[in-house]
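Chemist: Sharing a structure, written as structure tokens. Questions coming.
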Amino acid sequence: MRLVTVAGPPSSGKTSVILKLIEVLGMPVSEIGVVKFDCLTSFDHLRYETMGIRIETGFSGRVCPDHYFVGNIEAAVEWGLKSGFRLMVTESAGLCNRCSPYLKGILAVCVIDNLSGVNTPRKIGPMLKLADVVVVTKGDIVSQAEREVFAYNIRQVNTSAAIIFMNGITGQGATMLEKHVRSAREIEGLRDVRLRFTTPAAVCSYCTGEMRIGEEYQMGTLKKMEFKQP
Amino acid sequence: MEMAVTMPLRAILEEYPVCRDFFLNLRIADLDWELTLLQALETANPDVFNEFGLDKGMILRDFCRFLETFAGGTEGVGEIRSLTIIGGHGKTGESEIPELTVSVGDIISIVGPTGSGKSRLLADIECLADGDTPTGRKILVDGRTLTDDERFDRAGRMVAQLSQNMNFVMDLTVREFLEMHAVSRQSSDVEKTVSQCFECATHLAGERFTRDTKVTQLSGGQSRALMIADTAYMSCSPIVLIDEIENAGIDRRRAVELLAKKEKIVFLATHDPLLALSAQKRIVIKNGGISRVIETSGDERECLGTIEKLDAILHRLRHSLRDGQVIGKNIMEGIE
Chain A
1 MRLVTVAGPP SSGKTSVILK LIEVLGMPVS EIGVVKFDCL TSFDHLRYET MGIRIETGFS
61 GRVCPDHYFV GNIEAAVEWG LKSGFRLMVT ESAGLCNRCS PYLKGILAVC VIDNLSGVNT
121 PRKIGPMLKL ADVVVVTKGD IVSQAEREVF AYNIRQVNTS AAIIFMNGIT GQGATMLEKH
181 VRSAREIEGL RDVRLRFTTP AAVCSYCTGE MRIGEEYQMG TLKKMEFKQP
Chain B
231 MEMAVTMPLR AILEEYPVCR DFFLNLRIAD LDWELTLLQA LETANPDVFN EFGLDKGMIL
291 RDFCRFLETF AGGTEGVGEI RSLTIIGGHG KTGESEIPEL TVSVGDIISI VGPTGSGKSR
351 LLADIECLAD GDTPTGRKIL VDGRTLTDDE RFDRAGRMVA QLSQNMNFVM DLTVREFLEM
411 HAVSRQSSDV EKTVSQCFEC ATHLAGERFT RDTKVTQLSG GQSRALMIAD TAYMSCSPIV
471 LIDEIENAGI DRRRAVELLA KKEKIVFLAT HDPLLALSAQ KRIVIKNGGI SRVIETSGDE
531 RECLGTIEKL DAILHRLRHS LRDGQVIGKN IMEGIE
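Here the protein sequences come in this chain order: A and B.
Every letter in the first sequence is one number past the one before it in the working numbering, and letter 47, counting from 1, is 47.
Every letter in the second sequence is one number past the one before it in the working numbering, and letter 141, counting from 1, is 371.
Written out as structure tokens, the structure is:
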């Protein structure tokens, strides 16, 4: 089975990109599975189910979404293997801009959209920096110049990724993504596979339910801002 | 990238100002720029690097890659002389025209009903199809099939697109916008490039605007004019696809000629007779396939004069109405 991990900010068009990719792959839908990692709610499963694609959705709830991803990815792959899939796609939102749910040796796709601002690529962090393929969506509604500056800013933080402009509505550009997916590595499990980057450190009193503001309630890994002399 | 190891940072930054961005992206503002990168990193606070998941060795490696990527100029696809479409088949499997070669400076219009497959043709060109898309088309560059590596490298940067639906979304003035694009293209003379673009855009637009106008406040016609001028002078893509700009209220024939003059291959998807016939050739798309390629005949060229007059009449009408005038019976004046 091939595994592809797709990550990107909320509403960047991950689901549309994956659906258009599946269309151009031309594989029987029974051979494709999707696992969606989300936080609280999601309606995307309906879009996959309409296409007859099997999907499992997991909600991280009050747990850090990335820790949740890492804790469940192996079981997701086992589910995929047992279901007899030839391709499995995982979808997760990078919420804190330090997330990077990518695994070494597994094709990592980052989806970002052209409307998010030309400097956004420089602010996203490992999710963009460590991706193998960066898919840029919504380019059909901005100028060519904005697309080019956007690509330049992506190149600044990720010098090696393939940058693909893709229209999530018409599917233009999907063929290029397909080429990368076809060359993704076959896996038989995730034993001994490593993350590309550490997940955000977060073990403080607020992680465990503390709600009161104030120094005396704060324990564990907390980082303090330094303010200038007033 | 020996330079990254041996040269003091200040000298590198002077030669390649773009490298400042590398440090800004890592939130590094206070290195000792007189030292080499490795020396400077020795004295720097490692906390910030840790947050980015980097150590000194990784920063040096990343900086070398950054230099390699940006020091060599911008990421173009290089010049191309011609593009050949080897025909595939339409939506129901019927074969299309065998082959079509177009050269730099050519203007080719694409006509056909909505949904007939104009976008598919563009997509095939964009990904440099090699018989592996639904149409089975192959795209050759300068008469030859590219290797897989070349295709991966170039795909997606071949085509610059311009359509009616495109807008500026940045909160910048015209000048700031052009400067930003010129810098990202690593233009050797940013000021000159910006001036050329600006002059050209105001010519095409008809309605004047200033360099200090916000790009989001430009009218539809002014935006389109600025986009066309920018694509002509700054875009790295050798192929330009223009999708239905007929209602933009700009000098569209001049716009298209400008792009062709800038050593580009121009494809024009259009329903506008004036634009369709201004091209040397037009591709007719039916049911997903290229059904015909028609060379614009002498007769058709002669008609252009009449069409232009009709167009001028419509233009005048539009102006008069906008101006609050009343239209008389003599609107066909100037046409026989």
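Here a beta-carbon is modelled for each residue, glycine too, at the ideal position from N, C-alpha and C.
1. At 3 residues or longer, and completely inside the region 314-362 of chain B: list those beta strand (DSSP E) runs for me, N to C.
2. Would you mind telling me which residues of chain B sit closer than 7 Å to A:L115, beta carbon to beta carbon, in chain order?
3. Cβ atoms of A:I32 and A:L103: under 7 Å apart, would you say?
4. Taking DSSP's pairing of strands, which residues face A:I53 in a bridge?
5. Can you tell which of A:R212, A:I141 and A:F165 has the C-alpha that lies nearest to the C-alpha of A:A151?
6. In three-state DSSP terms, what is B:E525?
7. Using the beta-carbon of each residue, which ones in chain B are nearer than 8 Å to A:D140?
8. When you compare the CB of B:A385 with every CB in chain D, is at least one pair closer than 7 Å?
9. Which of the three DSSP states is assigned to B:D502 in this structure?
10. Is the distance from the Cβ of B:K494 to the Cβ of B:P468 below 7 Å?
11. Looking at the unbroken alpha helix (DSSP H) that takes in A:Q229, where does it start and where does it end?
12. What's the gap between the Cα of A:R122 and the Cα of B:S417?
13. Taking the beta strand (DSSP E) that B:L370 falls in, what are its first and last residues?
14. Closer than 6 Å by C-beta to A:R54: which residues in its own chain qualify, once you throw out the five before and the five after it? Chain order, please.
15. To the nearest angstrom, report how far apart B:D292 and B:W263 are at their CA atoms.
16. For B:M562, collect the residues of the same chain with a Cβ closer than 8 Å to its Cβ; drop the 5 residues on either side in sequence, then sort them by chain order.
17. Kindly indicate which three-state DSSP category A:V4 falls into: helix, strand or coil?
18. For the beta strand (DSSP E) that A:Q34 lies in, which residues bound it at each end?
19. Report all residues from its chain with a CB closer than 6 Å to the CB of A:K260; omit the five preceding and five following residues, and keep chain order.
20. Taking A:A162 as part of the beta strand (DSSP E), name the residues at either end of that continuous run.
21. Taking the C-alpha atoms as reference points, what is the distance between B:V424 and B:R405?
22. Any idea what DSSP makes of A:V70, helix, strand or coil?
23. If contacts are defined as beta-carbon pairs under 8 Å, then A:G94 and A:A7 qualify, I think. What distance do you get, rounded to the angstrom?
24. Under 6 Å Cβ to Cβ from A:V35, same chain only, skipping five residues before and after it: list those, please.
25. Note down, in chain order, every chain B residue with its Cβ under 8 Å from the Cβ of A:P230.
26. Starting from A:Q144, trace the beta strand (DSSP E) both ways and give me its first and last residue.
27. Distance check for B:N560 and A:E146, CA to CA, integer angstroms please.
28. Just curious, the beta strand (DSSP E) that A:V136 is in, first and last residue?
29. Rounded to the nearest angstrom, how far is the Cβ of A:I112 from that of A:T5, given a contact under 8 Å?
30. Using a C-beta to C-beta distance shorter than 7 Å, which residues of chain B count as neighbours of A:E31?
31. Run down chain A in chain order and give the residues with a C-beta less than 8 Å from the C-beta of B:S465.
32. What residues in its chain sit with their C-beta under 8 Å from that of B:Q510, if we drop five residues either side in the sequence?
33. Since B:Q510 is in the alpha helix (DSSP H), which residue starts that stretch and which ends it?
34. Compare the beta carbon distance of A:T242 and B:F296 with 7 Å and say whether it is the shorter of the two.
35. By the DSSP assignment, the alpha helix (DSSP H) with A:T175 in it spans what residues?
36. Chain B partners of A:A162, CB-CB under 9 Å?
Modeler: If we stick to the structure as given:
1. 329-333 and 337-341
2. V399
3. no
4. Beta-bridge pairing links A:I53 to no other residue.
5. In terms of CA proximity to A:A151, A:F165 leads the group A:R212, A:I141 and A:F165.
6. strand
7. Q391, S393, N395 and M396
8. The structure shown has no chain D; the protein chains it does contain are A and B.
9. coil
10. yes
11. A:Q229 -> no alpha helix (DSSP H), and no H or E assigned at all.
12. 21 Å
13. K368 to V371
14. If you ignore the 5 residues before and after A:R54, its C-beta comes within less than 6 Å of the C-beta of G33, all in its own chain and listed in chain order.
15. Each residue's alpha carbon lies about 18 Å from the other.
16. I543
17. The answer is strand: DSSP assigns A:V4 an E or B state.
18. Gln is not the amino acid found at residue 34 of chain A; the sequence shown has Val there. Per DSSP, A:V34 belongs to the beta strand (DSSP E) from I32 to D38.
19. Outside the shown range of chain A, which is 1 to 230, sits residue 260 of chain A, and nothing can be said about it.
20. A162 to F165
21. 7 Å
22. helix
23. 5 Å
24. E56, A76 and T90
25. Near A:P230 there are no residues of chain B at all, since even the closest Cβ is about 22 Å away, more than 8 Å.
26. Here A:Q144 belongs to no beta strand (DSSP E); instead the alpha helix (DSSP H) covers Q144 to V157.
27. The straight-line gap from Cα to Cα measures roughly 45 Å.
28. V133 to T137
29. A:I112 to A:T5, Cβ: 15 Å. No contact.
30. Simply none; closest approach about 19 Å.
31. Q144, A145 and E148
32. D336, I337, I338, E525 and T526
33. Run containing B:Q510: none; DSSP gives neither H nor E here.
34. This structure leaves residue 242 of chain A out entirely; chain A is present only between 1 and 230.
35. A174 to R182
36. F382, D383, A385 and G386
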